[in-house]
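Visitor: Chains as they are written, first to last, in the UniProt record's numbering: chain A, 1 to 495; chain B, 1 to 317; chain C, 1 to 152. All C-beta atoms, glycine included, are put in the ideal place defined by N, C-alpha and C.
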Amino acid sequence: MYMDLISALPSVLTFDNFFAIVIGVLSGIAVGAMPGLSATMAISVLVPFTFGLDPLVALGLMAGIYNGAMYGGAIPAILLRIPGTPAAVATSFDGYPMAQQGRGGFALQIAVVSSAIGGIASALALMLLAPPLAKVTLLFGPSEVFWIAVFGLCSIIFLLGESPIKGLISACFGIFVSMVGADPITSEDRFIFGQLELLDGINMVILLVGLYAMPPVIDLLEQPLDTKEAGKALKTESLLRSLPKMFHFWKTWLRSSLIGIWIGILPGAGGSMAAFMSYNEARRASNNPNEWGQGEPEGVAAAETANNADTASALIPALTLGIPGTAVAAVMLGGLLVHGLQPGPMLFRDNPDIVFGFMWQFLFGAILLIFLGGSLATNSFSHLLKLPRPVLGSIIIVLMFIGVYSINERMFDVYLMLGFGLIGYVMDKFKFPLPPVVLGLILGGFAEENLRLTLLIGQGQWSALFANTTSLVLVAMTIAVVVGPMLKRLFVKTK
Amino acid sequence: MFNYKKKAALMSALLFASGAALADYPEKTITLIVGFSAGGGTDVMARNVAPYVEKYLGNNASIVVKNVPGASGQIGITEVAHSDPDGYTIGTYNLPGMMARTLDRDSKYSADSFTYLANIVSDPNVIVTSKKSGITNANEFIEAAKKAPKSITVGMSSLGGDDHLGLTKFQNITNTEYTIIPFKGSSGARTAVMGGHVAAAVLNISEVAAFKDELNVIGVARSKRSEFAPDVKTFKEQGVEFYNGALRGFVAPAGLPIDIELKLLEAFNKAANDPEMLAKMNATANPVEASIGPDFKRLNDELYQLAKQAWETTPWK
Amino acid sequence: MNNNNTNPLLRPMIVIAFCIFIASAAFLIPALELTGRASLLPVAMLIALMVLSVILVITDIKKARTNKTPYKPALQSPGRVLGALLSVLVFVTNVDLLGFYLATAIFVPVAAYLFGCRSLKVLVASDVIVVVGIYLIFGMAMVKDFPMGSIW
Numbered sequence: 001m002y003m004d005l006i007s008a009l010p011s012v013l014t015f016d017n018f019f020a021i022v023i024g025v026l027s028g029i030a031v032g033a034m035p036g037l038s039a040t041m042a043i044s045v046l047v048p049f050t051f052g053l054d055p056l057v058a059l060g061l062m063a064g065i066y067n068g069a070m071y072g073g074a075i076p077a078i079l080l081r082i083p084g085t086p087a088a089v090a091t092s093f094d095g096y097p098m099a100q101q102g103r104g105g106f107a108l109q110i111a112v113v114s115s116a117i118g119g120i121a122s123a124l125a126l127m128l129l130a131p132p133l134a135k136v137t138l139l140f141g142p143s144e145v146f147w148i149a150v151f152g153l154c155s156i157i158f159l160l161g162e163s164p165i166k167g168l169i170s171a172c173f174g175i176f177v178s179m180v181g182a183d184p185i186t187s188e189d190r191f192i193f194g195q196l197e198l199l200d201g202i203n204m205v206i207l208l209v210g211l212y213a214m215p216p217v218i219d220l221l222e223q224p225l226d227t228k229e230a231g232k233a234l235k236t237e238s239l240l241r242s243l244p245k246m247f248h249f250w251k252t253w254l255r256s257s258l259i260g261i262w263i264g265i266l267p268g269a270g271g272s273m274a275a276f277m278s279y280n281e282a283r284r285a286s287n288n289p290n291e292w293g294q295g296e297p298e299g300v301a302a303a304e305t306a307n308n309a310d311t312a313s314a315l316i317p318a319l320t321l322g323i324p325g326t327a328v329a330a331v332m333l334g335g336l337l338v339h340g341l342q343p344g345p346m347l348f349r350d351n352p353d354i355v356f357g358f359m360w361q362f363l364f365g366a367i368l369l370i371f372l373g374g375s376l377a378t379n380s381f382s383h384l385l386k387l388p389r390p391v392l393g394s395i396i397i398v399l400m401f402i403g404v405y406s407i408n409e410r411m412f413d414v415y416l417m418l419g420f421g422l423i424g425y426v427m428d429k430f431k432f433p434l435p436p437v438v439l440g441l442i443l444g445g446f447a448e449e450n451l452r453l454t455l456l457i458g459q460g461q462w463s464a465l466f467a468n469t470t471s472l473v474l475v476a477m478t479i480a481v482v483v484g485p486m487l488k489r490l491f492v493k494t495k
Numbered sequence: 001m002f003n004y005k006k007k008a009a010l011m012s013a014l015l016f017a018s019g020a021a022l023a024d025y026p027e028k029t030i031t032l033i034v035g036f037s038a039g040g041g042t043d044v045m046a047r048n049v050a051p052y053v054e055k056y057l058g059n060n061a062s063i064v065v066k067n068v069p070g071a072s073g074q075i076g077i078t079e080v081a082h083s084d085p086d087g088y089t090i091g092t093y094n095l096p097g098m099m100a101r102t103l104d105r106d107s108k109y110s111a112d113s114f115t116y117l118a119n120i121v122s123d124p125n126v127i128v129t130s131k132k133s134g135i136t137n138a139n140e141f142i143e144a145a146k147k148a149p150k151s152i153t154v155g156m157s158s159l160g161g162d163d164h165l166g167l168t169k170f171q172n173i174t175n176t177e178y179t180i181i182p183f184k185g186s187s188g189a190r191t192a193v194m195g196g197h198v199a200a201a202v203l204n205i206s207e208v209a210a211f212k213d214e215l216n217v218i219g220v221a222r223s224k225r226s227e228f229a230p231d232v233k234t235f236k237e238q239g240v241e242f243y244n245g246a247l248r249g250f251v252a253p254a255g256l257p258i259d260i261e262l263k264l265l266e267a268f269n270k271a272a273n274d275p276e277m278l279a280k281m282n283a284t285a286n287p288v289e290a291s292i293g294p295d296f297k298r299l300n301d302e303l304y305q306l307a308k309q310a311w312e313t314t315p316w317k
Numbered sequence: 001m002n003n004n005n006t007n008p009l010l011r012p013m014i015v016i017a018f019c020i021f022i023a024s025a026a027f028l029i030p031a032l033e034l035t036g037r038a039s040l041l042p043v044a045m046l047i048a049l050m051v052l053s054v055i056l057v058i059t060d061i062k063k064a065r066t067n068k069t070p071y072k073p074a075l076q077s078p079g080r081v082l083g084a085l086l087s088v089l090v091f092v093t094n095v096d097l098l099g100f101y102l103a104t105a106i107f108v109p110v111a112a113y114l115f116g117c118r119s120l121k122v123l124v125a126s127d128v129i130v131v132v133g134i135y136l137i138f139g140m141a142m143v144k145d146f147p148m149g150s151i152w
């Protein structure tokens, strides 16, 4: 199969293809940087247009958008504390404090380099290990996936912030929101109160825009002072000179890449969970965990590496088994289908040129990100912050509208977003942490669906959850992650 | 099969007699509402068929696809049902899903809300088992369930879909009982059966064609073998009269002017037989089996009765 | 419960906890009507929320007793916050009425002016750039339809 890989290279190295990747990366960054617009949306808008294109050009565009958007989300997350995509939530933890300290430019550079590294690692995993990794996916049935979700939810414990009670309230709220809509098993409708629009559940983007964009926008309008400092803060040294300052992140880059790839091949969770988990792991491994959340550059590196490292790897189960690891991968499958490329083991045999070409495009997209993203972030987006705050605020309100309205082209979603915005503003003011809501929404539905499937398969026996080795290993890991820090604290106290 | 032609002849005679000329339909863009997002099976079908319908409608007809996803197609089809019956709004239609929704949810449409244009795709059900299960043919599958009812777990895409109604039918025919495991989408069910997490699954032929080596495909619910998997036996060959599948076609709102209806039926009929279109559908794993106009309506009524019967005897929620 | 300085029932955290409790209880009614396992997790979450809000009240009262610092208002200028929230609402309803492009063209400069930007040049420039930019990117390149407005 490695021969196929090499023989696919020439067909990728054409002007058309490269142009498509460049356009894809640039528009991906722009889309990701706008709150509410996500890679999923951009690619689904693109799919109908690709009917007339050469398959590789179309796929190159998609690969570029995917890579670009995963980084683009970091830009507003760092500069405005508004994550442009769900996966950038963890980036804002340390990125925004850095920007406030006048190190926003450096934070963006870390983000772009880390994103590129994550993307490259992921593309390599896809190119070299797709078939064996697909076998790993097969090991994960409903009970195993349930435990993965529980493991992810337990990482909430580390995101609780100063008050665990408030954090738990946030998490329960997020999980409850994930229950709205048709029941995953019986399709019985829950809490939709006659609104068909709610039947498919509440879209992540609606919640994210409401919770995360509304509070900063209100703040922008509340304090009318023009803050020119934020704009100045972005003037940075060239990437070449700041790059050496990042080399000591290599451990984090490696760890986060592996976490990102791993989460990517597991169906369902996607970039946000990868970013959260790798942020937690990097913080646990660091020797100054208390400074995290106050502008630790390594936190940005961890989050951004992981959310790009799941891009290509999410395509491993998508291409080989037809199960998309993320929402974006699901849309990309649609893009493949349009060109008559049926996912499955046959795909690699029947269309090696396109499949392996697509993998190369992912790699090139990730590499191009450094050049395109680096200059874009430091040059164009710094102008954004020089805008007077009231103008910036009202423009973001318009963008919020566009982002949410574009998901399904309905006003209902916009009003829903306003509701979440109000809740988000109150939560933010009274220091209820927001990340557990996001994680709760992502993993809650996922956990429930798989729990119920497990119980159905096990004829209603709860013991079905512990019936196989993989599940037991995951249970042990979860316990270790939860109990470990507690024991550590106890041990330190008694000493 | 083409008895709509009789109707056409009759109607044009009537029109001719009354001296009315056929209107210059279409004079403006036709909107084709697809109830799923771009890139899904129904969307791909719609976009593949639309250019050929344009071609045979003549008059420089242009069809624009509008995706109205949500609630497994229900939001889109409701919009079609409530739009003006002027021939400028048509929609994609899935069976048995669209009819099942009128039973298991409050729907704002019914079987009478539509003018049935053409069913294009008929994707027959297949039953697959995991390699671990050791079940390789229909008899073993039935025997296993007879020996221990409900011991066999069967994955499928959702309740109230073609897979579910198909299995209900199979259970009635063979007098067996299986444990139904509804996944979210057929790819989840397929992966679970490949990993051996469920023993079997009901899928569609287009979904398993690429996975034949990783699964045991025990039978296809069609009267003839499918060209997508010619080596897979039908259930009929194995002595079980089990036919079922997912249908995808096109409808317009009820009350379409008869001349426009006839023009559309003719265009869809020609499109459905266009070799170029057939090749495209084949490449995107859409098994074509066209039924035009009244044939489609009859098919719809049949499937509605089946769904109704299943809903009344074993409601799924 | 006899806190002399402020009425404990009006402490904002207690009001919020009360709201959470009531909302959860209200959702519990439809949740309990769900069949079988469909109600399992929703009911668990709602009960957890109710319990947590009670704990929140208890910890907050405890904190109020031990900690005598007078409570700081959470908002610096409630008027402006209310105004900001209102302006978002007004914008969205106007999109419904007037159509997206017109509502945006009016909203961006008016909101910016009301919230403190007084430079005419900036107002006009940002308005033109935003509306034209959105039209070019979303209207032309991505063929997105925005609401046209219901009053026309």
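1. From which residue to which residue does the beta strand (DSSP E) around Asn307 (chain A) run?
2. Could you please give me the residues that DSSP links to Ser291 (chain B) through a beta bridge?
3. Reducing DSSP to helix, strand and coil, say where Asp24 (chain B) ends up.
4. Quick one, which residues of the region 114-128 of chain C are near chain A if we go by CB-CB under 7 Å, in chain order?
5. Any Cβ of chain A within less than 8 Å of the Cβ of Met194 (chain B)?
6. Where do the N-terminal and C-terminal ends of the alpha helix (DSSP H) with Val43 (chain C) fall, by residue?
7. Entirely within the region 28-76 of chain A and at least 4 residues each: give me those alpha helix (DSSP H) ranges in chain order.
8. In chain C, which residues lie with their C-beta within 7 Å of the C-beta of Glu406 (chain A)?
9. Along the chain, where does the beta strand (DSSP E) containing Gly91 (chain B) start, and where does it finish?
10. Secondary structure at Lys66 (chain B), three-state DSSP: helix, strand or coil?
11. Output, in sequence order along the chain, the residues in the region 409-427 of chain A whose CB is closer than 8 Å to any CB in chain C.
12. To the nearest angstrom, how far is the alpha carbon of Met62 (chain A) from that of Arg47 (chain B)?
13. Here's the rule I'm using: 16 or more other beta-carbon atoms within 10 Å means buried, otherwise exposed. How should Ala252 (chain B) be labelled?
14. Answer yes or no: does any C-beta atom of chain C fall closer than 8 Å to that of Arg190 (chain A)?
15. What is the DSSP secondary structure of Arg103 (chain A), reduced to helix, strand or coil?
16. Regarding Leu123 (chain C) and the ligand ATP, is the C-beta to nearest heavy atom distance less than 7 Å?
17. Tell me which same chain residues have a C-beta within less than 6 Å of the C-beta of Gly58 (chain B), skipping the five on either side of it?
18. Mind reading off the beta-carbon distance from Ile265 (chain A) to Ser313 (chain A)? Whole number of angstroms is fine, and I expect it under 8 Å.
19. Check for me: the beta strand (DSSP E) holding Val217 (chain B) runs from which residue to which?
20. Between which residues of its own chain and residue 333 (chain B) is the CB-CB distance below 7 Å, once the five residues before and five after are set aside?
21. Just how far apart, CA to CA, sit Phe27 (chain C) and Leu46 (chain C)?
22. Pull the bridge partners of Ile370 (chain A) from the DSSP assignment, please.
23. Rounded to whole angstroms, what's the CA-CA distance from Pro343 (chain A) to Cys19 (chain C)? Just pull it up for me.
24. Does any residue of chain B have a CB that is nearer than 8 Å to the CB of Ala20 (chain A)?
25. Which value, in whole angstroms, describes the spacing of the CA atoms of Leu306 (chain B) and Leu165 (chain B)?
26. For Met346 (chain A), which residues in chain B fall below 7 Å Cβ to Cβ?
27. Report, in whole angstroms, the separation of the C-beta atoms of Pro83 (chain A) and Thr91 (chain A), which I expect to be a contact under 8 Å.
28. Counting only C-beta atoms, is Glu229 (chain A) closer than 8 Å to chain C at any point?
29. Could you give the distance in angstroms between the alpha-carbon of Ile423 (chain A) and the alpha-carbon of Asp353 (chain A)?
30. Does DSSP put Arg101 (chain B) in a helix, in a strand, or in coil?
31. Is Leu167 (chain B) closer than 8 Å to residue 381 (chain B) when the C-beta atoms are compared?
32. Let me know if Asp94 (chain A) comes out buried or exposed under the rule of 16 or more other beta-carbons within 10 Å of its beta-carbon.
33. Are Thr115 (chain B) and Ser62 (chain B) closer than 8 Å when you measure CB to CB?
34. Consider the Cβ of Ile61 (chain C): report whether some Cβ of chain A lies at a distance smaller than 8 Å.
35. Note down the Cα distance separating Ala201 (chain B) from Asn282 (chain B), rounded to an integer number of angstroms.
36. Identify whether Leu422 (chain A) lies in helix, strand or coil by the three-state DSSP scheme.
Guide: So, from the listed chains and residues:
1. The residue given as residue 307 (chain A) occupies position 307 in the first sequence. No beta strand (DSSP E) contains Asn307 (chain A), which is instead part of the alpha helix (DSSP H) from Pro297 to Ser313.
2. Translated into the one-based positions of the second sequence, residue 291 (chain B) becomes position 291. Paired residue(s): B:Asn119.
3. For the purposes of this step, residue 24 (chain B) is taken as residue 24 along the second sequence, with counting starting at 1. Assigned with DSSP and collapsed to three states, Asp24 (chain B) falls in coil, not helix or strand.
4. Here the close residues are Phe115, Gly116, Cys117, Val122 and Ser126.
5. Along the second sequence, one-based indexing puts residue 194 (chain B) at 194. Taking Cβ atoms only, chain A reaches closer than 8 Å to Met194 (chain B), which makes this a yes.
6. Translated into the one-based positions of the third sequence, residue 43 (chain C) becomes position 43. Under the DSSP assignment, Val43 (chain C) falls in the alpha helix (DSSP H) whose first and last residues are Leu40 to Thr66.
7. For the region 28-76 of chain A, whole alpha helix (DSSP H) runs of length 4 or above, ordered along the chain, are 39-46 and 55-72.
8. As a first step, residue 406 (chain A) must be located in the first sequence, where it is residue number 406. Strictly speaking, residue 406 (chain A) in this sequence is Ser, with Glu absent from that position. At a beta-carbon threshold of 7 Å, the residues of chain C lying near Ser406 (chain A) are Lys144, ordered along the chain.
9. Position 91 of the second sequence holds residue 91 (chain B). Taken as a continuous stretch (DSSP letters only), the beta strand (DSSP E) holding Gly91 (chain B) covers Thr89 to Leu95.
10. Translated into positions along the second sequence, residue 66 (chain B) becomes position 66. Residue state, collapsed to three classes: strand.
11. Under the 8 Å Cβ criterion, the region 409-427 of chain A contributes Glu409, Met411, Val414, Tyr415, Leu418, Gly421, Leu422, Tyr425 and Val426.
12. By one-based count along the first sequence, residue 62 (chain A) stands at place 62. By one-based count along the second sequence, residue 47 (chain B) stands at place 47. One C-alpha to the other measures close to 20 Å.
13. For the purposes of this step, residue 252 (chain B) is taken as residue 252 along the second sequence, with counting starting at 1. Answer is buried; the Cβ neighbour count reaches 16.
14. Translated into positions along the first sequence, residue 190 (chain A) becomes position 190. For Arg190 (chain A), the nearest beta carbon of chain C is closer than 8 Å to its own beta carbon.
15. As a working mapping, residue 103 (chain A) is identified with position 103 in the first sequence. Three-state result, Arg103 (chain A): coil.
16. Ligands are entirely absent from the displayed structure, and the ligand ATP is therefore not among its contents.
17. Along the second sequence, one-based indexing puts residue 58 (chain B) at 58. Correct list: empty, nothing qualifies.
18. Numbered from its first residue, the first sequence carries residue 265 (chain A) at position 265. Numbered from its first residue, the first sequence carries residue 313 (chain A) at position 313. Right, the Cβ-Cβ distance comes to about 5 Å (below 8 Å), so this counts as a contact.
19. The count along the second sequence starts at 1 and reaches residue 217 (chain B) at position 217. Start and end: Asn216 to Val220.
20. As shown, chain B starts at 1 and ends at 317. That puts residue 333 (chain B) outside it, with no answer to give.
21. The residue given as residue 27 (chain C) occupies position 27 in the third sequence. The residue given as residue 46 (chain C) occupies position 46 in the third sequence. Rounded to the nearest angstrom, the two C-alpha atoms are 8 Å apart.
22. Start at 1 with the first residue of the first sequence, and residue 370 (chain A) comes out as number 370. Paired residue(s): none; Ile370 (chain A) is not in a bridge.
23. Taking the first residue of the first sequence as 1, we reach residue 343 (chain A) at position 343. Taking the first residue of the third sequence as 1, we reach residue 19 (chain C) at position 19. Their backbone Cα atoms lie some 49 Å apart in a straight line.
24. Taking the first sequence and counting its residues from 1, one reaches residue 20 (chain A) at position 20. No, Ala20 (chain A) lies away from the interface with chain B (no Cβ there is under 8 Å from its Cβ).
25. Here the question's residue 306 (chain B) lines up with position 306 in the second sequence. Here the question's residue 165 (chain B) lines up with position 165 in the second sequence. Going by the C-alpha atoms only, they are around 8 Å apart.
26. Taking the first sequence and counting its residues from 1, one reaches residue 346 (chain A) at position 346. Contact annotation for Met346 (chain A) against chain B: Ala210 [CB-CB distance below 7 Å, chain order].
27. Start at 1 with the first residue of the first sequence, and residue 83 (chain A) comes out as number 83. Start at 1 with the first residue of the first sequence, and residue 91 (chain A) comes out as number 91. Confirmed, Cβ separation roughly 7 Å.
28. As a position in the first sequence, residue 229 (chain A) is number 229, starting the count at 1. Because the pLDDT of Glu229 (chain A) is 47, which lies under 50, any placement of that residue in the model is unreliable, and the question is left without a value.
29. As a position in the first sequence, residue 423 (chain A) is number 423, starting the count at 1. As a position in the first sequence, residue 353 (chain A) is number 353, starting the count at 1. So the alpha carbons of these two residues sit roughly 50 Å apart.
30. For this step, residue 101 (chain B) is matched to residue 101 along the second sequence. Residue state, collapsed to three classes: helix.
31. Any property of residue 381 (chain B) remains undetermined from this structure, which presents chain B solely from 1 to 317.
32. Counted from its first residue, the first sequence places residue 94 (chain A) at position 94. The residue in question, Asp94 (chain A), is buried, as its Cβ has 16 or more Cβ neighbours within 10 Å.
33. Taking the second sequence and counting its residues from 1, one reaches residue 115 (chain B) at position 115. Taking the second sequence and counting its residues from 1, one reaches residue 62 (chain B) at position 62. For Thr115 (chain B) and Ser62 (chain B), no; Cβs fall outside 8 Å.
34. Looking up residue 61 (chain C) in the third sequence gives position 61. No, its Cβ sits nowhere closer than 8 Å to a Cβ of chain A.
35. Taking the first residue of the second sequence as 1, we reach residue 201 (chain B) at position 201. Taking the first residue of the second sequence as 1, we reach residue 282 (chain B) at position 282. Answer to the nearest angstrom: the Cα atoms are 24 Å apart.
36. Locating residue 422 (chain A) in the first sequence gives position 422, counting from the first residue. If DSSP states are grouped into helix, strand and coil, Leu422 (chain A) belongs with the helices.
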